[in-house]
Amino acid sequence: MRAAPVTQTRSTCPYCGVGCGVIIEAQDGRITGVQGDPLHPANFGKLCTKGSTLHLTATAEVTRQARLLQPLQRLARGAQPVPIGWDAALDQASKQLARIITDHGSDAVGFYLSGQLLTEDYYAFNKLVKGLIGTNNLDTNSRLCMSSAVAGYKATLGADAPPACYEDIERAHCVFLVGSNAAWAHPILFRRLEAAKAANPAMKIIVADPRRTDTASLADLFLPVAPGTDVLMFQGLLHLMLWEGWIDHHYIADHTTGFDALKRLVRDATPERVAQECGLREADLLQAARWFAQSPATLSLYCQGLNQSSSGTAKNAALINLHLATGQIGRPGAGPLSLTGQPNAMGGREVGGMANLLSGHRDLANAAHRAEVAALWGIPAVPSAPGKTAVEMFEAAADGEIKALWIACTNPAQSMPDQRTVQRALERAELVVVQEAFATTETARHAHLLLPATTWGEKIGTVTNSERRISRVRAAVPAAGAARHDWQIAVQLAQRLETRLRPGRPTLFPYAIEPASAGAQALWEEHRASTAGRDLDITGLSWERLEQGPQQWPMPHGAAQGQSRLYTDGVFSTPDGRARFDASPYRPLSEPVDARYPFSLTTGRLRDQWHGMSRTGTLGRLFAHAPEPRMHMHPQDMQRRGFADGELVQVSSRRGALRVVLQADDQLAPTRLFMAMHWGSEFLGGRGEDGQPLLGINALTQPAFCPVSKQPELKHTAVKIAKVELP
Ligand code: SF4
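Residue numbers 1 to 727, in full-length UniProt numbering, belong to the letters of the sequence shown in order.
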């Protein structure tokens, strides 16, 4: 028999916010290869280790053991789940949700989504929860990733719109990387930066990070900023720029407000104080201030080091202050460009897939915005009560206030801070539904219902990357087993709930389930219409135009193409068109180190793993770079405390403990520890002193969050460390 021809399908990598274009090769309904798409402007054909092994993680031999292939029901806590049909599963879910809503009100349910979902999935869920169920308890793991960047942009520039683009990497004369290990977390962008530096050796690269990461290896100047002190460092840089006369007074006068208050605030951020509290040298601060302010074009790239903080919004805004004060914005090569961790954190924001947002970058707190969305959806009103954000949602479930949790495409039992609270929430909730591609997650163990979802290579829709570029996601193979698309599951649940919650009324969810491309397109068109007149207006970007290649937003009606840079005319998205300086004071860490917990633990990514490893953990070769969990510690600390490299230790915080092997690492400053976030109980194993399973690094991390963005402080936990006496 002749083999079926190999097909090639253009799509997008599902891992990080770089959003690289891929070409998926498939044969006989199986993915057989992957290449970088040479026409995609994010990567021009290149892929990193994770992207280039996507086809291997998708092969049947590897993935099918991990894939969830049919709906399952768990009849008793701790029991093995048993198969159930799709209709029965959705009927049961809608019946139980309706009962909880009737008995306890709409706010007794919570939906927790993922930046891995496509924009169309997010749109359907948002309409289901805020439009039909009538609660704003919908949040996402993007809350852990970029909500501080959102809040920072809105506070200063007036809209959640990154003003720069990837091409600015090649156009910049100075690149300031802060709290970003792009070499590992955004490898293709880092390669672009390496190439730009090679082409222009005069380019200055400054890296500020508590760890001397691989990214720092490219730096002309490395600033080992102490954890949590970034706001003070930025204030100190502004102090120096003012003192040296490196401020752009014309730009400030013509395009901004609030500089006088900021000027007063940074008076105290003297070089001596900043150097001492941030752990930096005064000469390095002066050099950084000079390069930033005086380079013809300065681009900042930043990520979780700023975002995952109890001062996350203030950190973002303080960095943007520097761009506004020096006029380093709205020009080629200049501007603050936050890097999103996940492939569609940006798309989720666009459709309002967070507790405080509504479709088309509208704000829940704005009555006019709520009325606009209610009119778009054809409902009397969108509820005004603030929804619970990620940490708040699981705390409310642990307290019994939220009684049903619907979790799609994410693994909060591993990835959320303060794991014991999350575990209590999953144990206490009357209904836990997990909609997932993988059956192997920690969260899946708690599910009453497990609903199989499609994943990369099978999904249809769109995603938006860190530079506002919308790309198509296309199916190269059919859905595995009985898996359905996430938006299909949301719509089919919604249609069932409608018969219970608003019987006899026309459906709010008139989307074709099959063919899936028609339903996805209909959701896209509804989202597109909702952006009319908004900062992200894509009314000029039809589905057909998107078929021809990715485009950046905004792209309003009549535009020939999307806009690569924003604010080029100096007019911002604020009511008066002026950017706002943010004068938030510097606040120290929420959980300072002390005599009992003397180490500052930070978490981060490995180069070749992704999140909870549900996909990358299926492939042996991706463990070559980092084969096992390790706690990194400075050799001086090890010597002082009598630890040896490779020794098993117990690391404890005020919330939990973890047993892990030590690794000497002089890239950290003394009294700081680092451990990758990916390792779950499968790799750590065993039980702590309290008899509970060891869940991973988030057994230790804290639930404190930024009061504005509600993003948790995952980059710092006060911990202690002790030897483990082996029997
Ligand atoms: Fe995928 Fe990110 Fe690597 Fe690009 S850089 S191939 S999007 S993981």
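From the three backbone atoms N, C-alpha and C, an ideal C-beta is built for every residue, glycine too.
| Check | Outcome |
| --- | --- |
| Check whether the segment 85-96 and the segment 112-123 touch, using three or more Cβ-Cβ pairs below 8 Å as the test. | no |
| Taking DSSP as the reference, what is the three-state secondary structure of A42? | coil |
| Write down every uninterrupted run of the beta strand (DSSP E) in the segment 382-424 whose length is 3 residues or greater and which is fully enclosed by it, in chain order. | 404-408 |
| I'd like to confirm something about C278: is its beta-carbon nearer than 8 Å to some heavy atom of the ligand SF4, or not? | no |
| Runs of 3 residues minimum, wholly inside the segment 194-241: which ones carry the beta strand (DSSP E) assignment? | 204-208 and 221-223 |
| Among N366, M233 and N307, which one has its Cα closest to the Cα of Q276? | M233 |
| Would you tell me roughly how many angstroms separate the C-alpha atoms of W291 and F176, rounded to the nearest one? | 9 Å |
| Report the three-state DSSP secondary structure of Y112 (helix, strand or coil). | strand |
| With DSSP as the reference, identify every bridge partner of A579, one or two as the case may be. | T256 |
| Tell me the rounded alpha-carbon separation between M393 and Q702. | 15 Å |
| Closer than 6 Å by C-beta to A676: which residues in its own chain qualify, once you throw out the five before and the five after it? Chain order, please. | L606 |
| For the alpha helix (DSSP H) that C278 lies in, which residues bound it at each end? | P271 to C278 |
| Please tell me whether E297 and R267 are closer than 9 Å, where the distance is taken between their beta carbons. | First, the amino acid is wrong: residue 297 is Ala here, not Glu. Contact flag unset, no. |
| Using CA atoms only, rank isn't needed, just tell me which of G279, G341 and Q663 is closest to R143. | G341 |
| Can A476 be considered in contact with the ligand SF4, in the sense that its beta carbon sits closer than 8 Å to one or more heavy atoms? | no |
| Could you name the residues of the same chain whose beta carbon sits closer than 6 Å to that of I252, not counting the 5 residues immediately before and after it, in chain order? | F259 |
| Please classify H588 as buried or exposed, where buried requires at least 16 neighbouring CB atoms within 10 angstroms. | It is worth fixing the name first, because residue 588 is Pro in this sequence and not His. With fewer than 16 Cβ atoms within 10 Å of its Cβ, P588 is classed as exposed. |
| Answer with buried or exposed for N698, where buried requires no fewer than 16 other C-beta atoms within 10 angstroms of its C-beta. | buried |
| Keeping to the same chain, check which residues put their C-beta closer than 7 Å to that of R428; ignore five residues upstream and five downstream. | A397, A398 and G400 |
| Out of curiosity, what's the CA-to-CA distance linking A216 and L223? | 9 Å |
| Measure the Cβ-Cβ separation of P627 and L684 and say whether it is below 9 Å. | no |
| Go through the residues and name those whose CB comes closer than 5 Å to any heavy atom of the ligand SF4, in chain order. | C13, Y15, C16, V18, C20, L47, C48, K50, G51, P187 and I188 |
| Can the beta-carbon of P556 be found closer than 9 Å to that of G570? | no |
| Runs of 4 residues minimum, wholly inside the segment 645-719: which ones carry the alpha helix (DSSP H) assignment? | 681-684 |
| How do the segment 627-646 and the segment 661-681 stand: do at least 3 beta-carbon pairs fall below 8 Å, yes or no? | yes |
| Can you check whether the CB of A365 is closer than 9 Å to the CB of P386? | yes |
| Within 10 angstroms of its Cβ, does R672 collect 16 or more other Cβ (buried), or is it exposed? | buried |
| Give me the residue from G519, R596, G45 and N316 with the minimum Cα distance to L339. | N316 |
| Three-state secondary structure (DSSP) at R496? | helix |
| For the beta strand (DSSP E) containing L546, list its first residue and its last residue. | Careful: L546 lies outside any beta strand (DSSP E), inside the alpha helix (DSSP H) at W543 to E547. |
| Any idea if N200 is buried or exposed, counting beta-carbon neighbours within 10 angstroms, 16 or more meaning buried? | exposed |
| Count the other CB atoms, across all protein chains shown, that sit within 10 Å of the CB of E547; report buried if there are 16 or more and exposed otherwise. | exposed |
| Check whether the Cβ atoms of H716 and G312 sit closer than 9 Å, and answer yes or no. | no |
| What does the Cβ neighbour count give for K388, buried or exposed, with the cut at 16 atoms within 10 Å? | buried |
| Where does V651 land, buried or exposed, given buried means 16+ other C-beta within 10 angstroms? | buried |
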